[in-house]
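The next block holds one structure in the form of structure tokens; read it before the comments.
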Amino acid sequence: MAHKRMAEFEDYLRMESVSTENRQIPETVAYVKGLIERTGGEVQVLDDLGGNPVIYGYFKASPQGNSERTLLFYNHYDVQPSDPLEEWRTEPFEPTVVDGVLYARGVSDNKANFMARLNALSLLNESGGLSCNVKFLLEGEEEIGSPNLGKYIEKYADLFKADACIWEAGSKDKYENYVVSAGMKGIAYFDLEVDTANIDIHSSMAAIIDNPAWRLIHALESMKNSKNEIVVDGFYDGIPPLSDKDKAAAAAQPFDAKQVAEQYGLTGKFITEGTAVSPTEALAFYPTMTVCGFSSGYTGPGIKTVLPRSAKAKLDCRLVPGQSPENVHESLRRHLDAHGYEDVRLTMIAAEGAQRTSVEDPFIEMVVQTAQAVYGDKNPVVVSPSMAGTGPSELFEKYLKLPIAGVGAGWAHSGAHAPNENVRLNDYYENIAHMVHLMEVFGR
Ligand SMILES: [Zn+2]
Numbered sequence: 004m005a006h007k008r009m010a011e012f013e014d015y016l017r018m019e020s021v022s023t024e025n026r027q028i029p030e031t032v033a034y035v036k037g038l039i040e041r042t043g044g045e046v047q048v049l050d051d052l053g054g055n056p057v058i059y060g061y062f063k064a065s066p067q068g069n070s071e072r073t074l075l076f077y078n079h080y081d082v083q084p085s086d087p088l089e090e091w092r093t094e095p096f097e098p099t100v101v102d103g104v105l106y107a108r109g110v111s112d113n114k115a116n117f118m119a120r121l122n123a124l125s126l127l128n129e130s131g132g133l134s135c136n137v138k139f140l141l142e143g144e145e146e147i148g149s150p151n152l153g154k155y156i157e158k159y160a161d162l163f164k165a166d167a168c169i170w171e172a173g174s175k176d177k178y179e180n181y182v183v184s185a186g187m188k189g190i191a192y193f194d195l196e197v198d199t200a201n202i203d204i205h206s207s208m209a210a211i212i213d214n215p216a217w218r219l220i221h222a223l224e225s226m227k228n229s230k231n232e233i234v235v236d237g238f239y240d241g242i243p244p245l246s247d248k249d250k251a252a253a254a255a256q257p258f259d260a261k262q263v264a265e266q267y268g269l270t271g272k273f274i275t276e277g278t279a280v281s282p283t284e285a286l287a288f289y290p291t292m293t294v295c296g297f298s299s300g301y302t303g304p305g306i307k308t309v310l311p312r313s314a315k316a317k318l319d320c321r322l323v324p325g326q327s328p329e330n331v332h333e334s335l336r337r338h339l340d341a342h343g344y345e346d347v348r349l350t351m352i353a354a355e356g357a358q359r360t361s362v363e364d365p366f367i368e369m370v371v372q373t374a375q376a377v378y379g380d381k382n383p384v385v386v387s388p389s390m391a392g393t394g395p396s397e398l399f400e401k402y403l404k405l406p407i408a409g410v411g412a413g414w415a416h417s418g419a420h421a422p423n424e425n426v427r428l429n430d431y432y433e434n435i436a437h438m439v440h441l442m443e444v445f446g447r
């Protein structure tokens, strides 16, 4: 394990950079700064706008390279908490290799990807230098929703200016395809609450007093019909129609309906059945509205008759480009008011915009071609128009105006955010090779 800078990789994994617990952030920033400097890059630690520091790294094209082309890598140095600790088979912050698999908190999300990129730079430096300029943006608040990143990217847009961006994450899927993702959905997350009294009441009074649970159920029911169509005026506004290429990209996604049904033990059919939209189109290109939770009154064992005083629901909307969390928030408020639910309080508690680079963008094609050259027939390369997760890529598009592609060293069982997070070392080595080839081609 002396090669591929494994000792440094392991030390980086030992940093307990849990942003939500504020653990070892200054130490991790110092360590990352050292890693970039030891690779031959310049570093600036930006911390003038609040939150955990944003790290800027810069590597100049060699004299033979193309100084007109700049590739930006986005990574984050923070990780998720490690609990539930009892479910880990190894120590979360003591990197451990078992049968070629490296276990540690944060290894797949996303410390391995950062180390793969640094390794690629080391290899290029040893073999004649860089064919393009390379920049890094590392933040330390990705796992808590990047609350301060927008301010930094806006203020330092010139510093981070680049021609294209490689996103922090990516993986092979469960069919061992190497996935290039071209975007991500956004999210708007809401609390809904309604009160009809200031104390719980004997349920005999339901003959004359309204029930907040029914009220909230009716309010929710008015927003999405039994055909699963969202019927809130303005909700779909701004969403561009799908191009033929988008449809082709969705059709090319692997999707095994039977396997997915088995995986979750589904009791019904997919809600796309009998509609004009395929499951892979819906996953990539359509927004959602999901009741994540609902609570009111008594839900324990046995009987307690009660007319509850209040009801609460949690609702998330996964958004697509063209929508904005603010517009969705406004359209839901207008809808509730127009349908007689002025008393239902609606609070948006999380918001991130969606971003998608066209699957026809030359940068996406270049990432695909360089991946094909490295992975060959063993791991067919597939483009995912929009990955399942949400992240701050909309900020990059807004302030830096560049195409973005996500690739990385993960696999289907990397278990990001879960116990026993891991990457297979072979995937890591292959990802280094892909990053080397990508940077070579990008400067041409
Ligand atoms: Zn994460």
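For the sequence shown, the residue numbers in the numbering used here are 4 to 447. Built from N, CA and C at the ideal position, the CB exists for glycine as well. Predicted model, so just to flag it, every value in this text is computed and none were measured.
With respect to the 8 Å criterion, residue 410 and residue 126 are not classified as neighbours on the basis of their beta carbons. In terms of side-chain proximity, the C-beta atom of residue 416 is found no nearer than 7 Å to any non-hydrogen atom of ligand 1. For residue 134, the number of other beta carbons within 10 angstroms of its own is at least 16, and it is reported as buried.
With a cutoff of 8 Å on beta-carbon distance, residue 96 and residue 17 are scored as near each other.
The straight-line gap separating the alpha-carbon atoms of residue 237 and residue 292 is approximately 14 Å. Check the Cα spacing between residue 157 and each of 287, 84, 304, 401: the tightest is with 401. Membership of residue 105 in the beta strand (DSSP E) is indicated by the continuous run 104-106.
For residue 366 against residue 406, the beta-carbon gap comes to about 4 Å, under 8 Å, which counts as contact.
The Cβ atoms of residue 22 and residue 204 do not sit closer than 8 Å to each other. Looking at the backbone, the Cα of residue 58 and that of residue 318 are separated by about 34 Å. Counting every other CB atom within 10 Å of its CB across the protein chains shown gives residue 256 a total of 16 or more, marking it as buried. Residue 24 and residue 357 have their C-alpha atoms some 27 Å from each other.
Relative to ligand 1, the beta carbon of residue 419 is positioned inside 7 Å of a heavy atom. Distances from the alpha-carbon of residue 144 to those of 200, 20, 175, 267 put 20 closest. Exclusion of the five residues before and after residue 170 leaves 77, 407, 409 as the residues of its chain whose Cβ lies within less than 6 Å of its Cβ.
Non-local beta-carbon contacts of residue 208 in its own chain, meaning distances under 8 Å to residues more than five positions away in sequence, involve 310 in chain order. Of the candidates 187, 269, 426, the residue whose Cα lies closest to the Cα of residue 389 is 187. At a Cβ-Cβ threshold of 8 Å, residue 332 and residue 377 do not count as neighbours. As a beta-bridge residue in DSSP terms, residue 170 pairs with 409.
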